[in-house]
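Student: Let me begin by handing over the structure; questions about it come next.
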Amino acid sequence: MKLLLLSKENIPLAKAEAEALLSKGKLDQNVLLINTKKTTNRLAQTKLIGILLFTATKSNLESKIKKFNWNKIIKRTFALDFLENNKSHQTLSRKYGGMIFDNLKNPKVNLENPGTKITIIKNKTNYYITQEEWKNNEGFFHRKPRTWPEQAPITLDPKLARTCVNLTGSSSQVYDPFCGIGGFLIEAGLMNLKAIGSDIDSNLIKSCSINLQHHKIGKYFLFQQDALKINKKYDYIVTDVPYGKNTKNISNTFYVDFLNVLKKILKKRAVLMFPHYAKAENIIKKAKLKIKSKNSAYVHGSLTREIFVVEK
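Be aware that the sequence shown starts at 20, since it is given in the numbering used here, and climbs by one per residue.
Written out as structure tokens, the structure reads:
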């Protein structure tokens, strides 16, 4: 059983992202339990992934820690972190770490680089004791769009871009037919997926290429293309449809036309982002595409993005 500690920013979106790469799970506040042996290091909206060792309540936590066979999983050094509300609690970390220390045959602590990291996660009534497999140290802040050589007025935040790429579930490649300056493609490339993108604007294609090279992305292919004239089929598509100050008055006819094209070229799954005012759910249904999930992501005062995962 795997435990995922989700970010509290947008729990429904974090859950959807995790389940797209792993499998369906059971949610307890921001703790997601998934019955799988698989793991991943790609998730944007997850704080950590661990193997669930056992659960406890406040009344039996200490007794369960003392009874557990820690020698079975701790072979070298170890460290313990007690988390409440996604924040570390040093006093309780030392307390429960000491209990484990006393139960080991040859105890050795290494707080900086432990051979085994034990994490205790406290929710309202439950305690989850895990052996940490992966912790999210992704540097989203350091690659904000303002740090890119080529910029645009509206560019997707890297964390949200990675989330959307992961919602496709792809382990090979993704295609963005409105690639702009490359938000989705950068994140895809950093996860070692082949990044394929097109745009009707040749200047944006040049900017996208510069940004991909800036992030040292090797596997990518860009070309100029009107999104309404695409005829090649793709397994996985992820895109943020045109909108903003210059495109707010785009008629729904454009969206309908694009979705009709999408239905013809989509082989497996697409992740589509629309501005909330587009009322995209009705348009998607009219195009006879199946909506597998819908989530929202707040951007700023006047804009919320709606994120749809669709299949044919």
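Where a beta carbon is used, it is the ideal one built from N, C-alpha and C, also for glycine.
Using the rule of at least 16 other Cβ atoms within 10 Å of the residue's Cβ for burial, across every protein chain shown, is Asn125 buried or exposed?
Tutor: Residue 125 sits at position 106 when you count from the first residue of the sequence shown. It counts as exposed.
Student: In this structure, how does DSSP classify Glu131 when only helix, strand and coil are distinguished?
Tutor: Position 112 of the sequence shown, counted from the first residue, corresponds to residue 131. Residue state, collapsed to three classes: coil.
Student: Among Asn230, Met118, Asn145, Pro31, which one has its Cα closest to the Cα of Ala75?
Tutor: Counting from 1 along the sequence shown, the entry for residue 75 is found at position 56. The option with the nearest alpha carbon to Ala75 is Asn145.
Student: Determine the burial state of Lys106: buried for a count of at least 16 other Cβ atoms within 10 Å of its Cβ, exposed for fewer.
Tutor: Counting from one through the sequence shown, the residue named residue 106 turns up at place 87. Lys106 should be labelled exposed.
Student: Just reading off the alpha helix (DSSP H) that Thr110 is part of, what are its end residues?
Tutor: By one-based count along the sequence shown, residue 110 stands at place 91. 109-121 is the extent of the alpha helix (DSSP H) around Thr110.
Student: From what residue to what residue does the beta strand (DSSP E) around Asn314 run?
Tutor: Against the sequence shown, residue 314 aligns to sequence position 295. Taken as a continuous stretch (DSSP letters only), the beta strand (DSSP E) holding Asn314 covers 309-319.
Student: Starting from the N-terminal side, write out each stretch of the beta strand (DSSP E) that is 3 residues or longer and does not extend beyond the segment 41-80.
Tutor: Taking only runs of at least 3 residues, the beta strand (DSSP E) segments lying wholly in the segment 41-80 are 45-47, 50-53, 65-75.
Student: Using the C-alpha atoms, what's the distance from Asn54 back to Met20?
Tutor: The count along the sequence shown starts at 1 and reaches residue 20 at position 1. The count along the sequence shown starts at 1 and reaches residue 54 at position 35. Met20 and Asn54: Cα-Cα distance of roughly 5 Å.
Student: Are at least three pairs of beta-carbons, each pair with one atom in the segment 49-68 and one in the segment 137-156, less than 8 Å apart?
Tutor: Contact holds: three or more Cβ-Cβ distances are below 8 Å.
Student: Identify the residues that DSSP records as bridge partners of Trp337: which are they?
Tutor: The chain is shown from 20 up to 331; residue 337 falls before or after that span and cannot be answered.
Student: Residues bridged to Leu99 by DSSP?
Tutor: Along the sequence shown, read from residue 1 onward, the residue named residue 99 stands at position 80. Partner(s): Ile137.
Student: In angstroms, rounded to a whole number, what distance separates the CA positions of Phe327 and Ala297?
Tutor: In the sequence shown, the residue the question calls residue 327 occupies position 308. In the sequence shown, the residue the question calls residue 297 occupies position 278. Phe327 and Ala297: Cα-Cα distance of roughly 13 Å.
Student: In this structure, how does DSSP classify Ala306 when only helix, strand and coil are distinguished?
Tutor: Within the sequence shown, numbered from 1, the residue matching residue 306 stands at position 287. Of the three classes helix, strand and coil, the one that applies to Ala306 here is coil, per DSSP.
Student: Could you give the distance in angstroms between the alpha-carbon of Phe87 and the alpha-carbon of Leu111?
Tutor: Here residue 87 refers to the residue found at position 68 of the sequence shown. Here residue 111 refers to the residue found at position 92 of the sequence shown. For Phe87 and Leu111, the distance between alpha carbons rounds to 18 Å.
Student: Start and end of the alpha helix (DSSP H) containing Gln244?
Tutor: Against the sequence shown, residue 244 aligns to sequence position 225. Unbroken run through Gln244: none, as it is neither H nor E.
Student: Using CA coordinates, which residue listed in Ala37, Ile200, Leu23 is at the minimum distance from Thr187?
Tutor: Counting from 1 along the sequence shown, the entry for residue 187 is found at position 168. Residue Ala37 is the option with its Cα nearest to Thr187.
Student: Considering only C-alpha positions, which residue in the set Lys114, Phe293, Asp47 is nearest to Val338?
Tutor: Residue 338 cannot be examined here, being either before or after the span of the chain that is shown, 20 to 331.
Student: Where are the beta strand (DSSP E) runs, 3 residues long or more, that stay fully inside the segment 170-213, in chain order?
Tutor: Whole beta strand (DSSP E) segments, 3+ residues: 192-195.
Student: Go ahead and pull the three-state DSSP assignment for Leu38.
Tutor: As a working note, residue 38 is residue 19 in the sequence shown. Correcting the residue type first, residue 38 is Glu in the shown sequence and not Leu. In this structure, Glu38 counts as helix in the three-state DSSP scheme.
Student: Pull up the distance between the alpha-carbon of Lys91 and that of Lys57, whole angstroms please.
Tutor: Position 72 of the sequence shown, counted from the first residue, corresponds to residue 91. Position 38 of the sequence shown, counted from the first residue, corresponds to residue 57. Each residue's Cα considered, the two are about 21 Å apart.
Student: If we ignore side chains and look at the alpha-carbon of each, how far apart do Glu300 and Ala306 end up?
Tutor: Start at 1 with the first residue of the sequence shown, and residue 300 comes out as number 281. Start at 1 with the first residue of the sequence shown, and residue 306 comes out as number 287. Looking at the two C-alpha atoms, the distance is approximately 10 Å.
Student: Check Val275 in the structure and name its three-state DSSP category.
Tutor: Locating residue 275 in the sequence shown gives position 256, counting from the first residue. DSSP places Val275 in helix when its eight states are reduced to three.
Student: What number of angstroms, rounded off, separates the C-alpha of Glu206 from the C-alpha of Asn250?
Tutor: For the purposes of this step, residue 206 is taken as the residue at position 187 of the sequence shown. For the purposes of this step, residue 250 is taken as the residue at position 231 of the sequence shown. So the two alpha carbons sit approximately 25 Å from each other.
Student: Candidates Leu204, Tyr255, Ala246: which alpha carbon is nearest Tyr239's?
Tutor: Sequence index remark: in the sequence shown, residue 239 carries index 220 (1-based). For the residues Leu204, Tyr255, Ala246, the minimum Cα distance to Tyr239 belongs to Leu204.
Student: Under the rule that 16 or more other beta-carbon atoms within 10 Å means buried, what is Ser189, buried or exposed?
Tutor: In the sequence shown, counting from the first residue as 1, residue 189 sits at position 170. Buried is the call here.
Student: Which class does Ile93 belong to by DSSP, given the choice of helix, strand or coil?
Tutor: By 1-based counting over the sequence shown, the position of residue 93 is 74. Coil.
Student: Using C-beta distances below 8 Å, list every residue in its chain close to Lys43, excluding the 5 sequence neighbours before and after it, in chain order.
Tutor: Numbered from 1 along the sequence shown, position 24 holds the residue referred to as residue 43. Excluding sequence neighbours, Lys43 sits near Ile53.
Student: What is the DSSP secondary structure of Ile30, reduced to helix, strand or coil?
Tutor: Locating residue 30 in the sequence shown gives position 11, counting from the first residue. Helix at Ile30.
Student: Does DSSP classify Lys21 as helix, strand or coil?
Tutor: The residue labelled residue 21 in the question sits at position 2 within the sequence shown. Residue state, collapsed to three classes: strand.
Student: When we look at the beta-carbon of Gly199 and count the other beta-carbons within 10 Å, is it buried (16 or more) or exposed?
Tutor: The count along the sequence shown starts at 1 and reaches residue 199 at position 180. The residue is buried, with at least 16 neighbouring Cβ atoms inside 10 Å.
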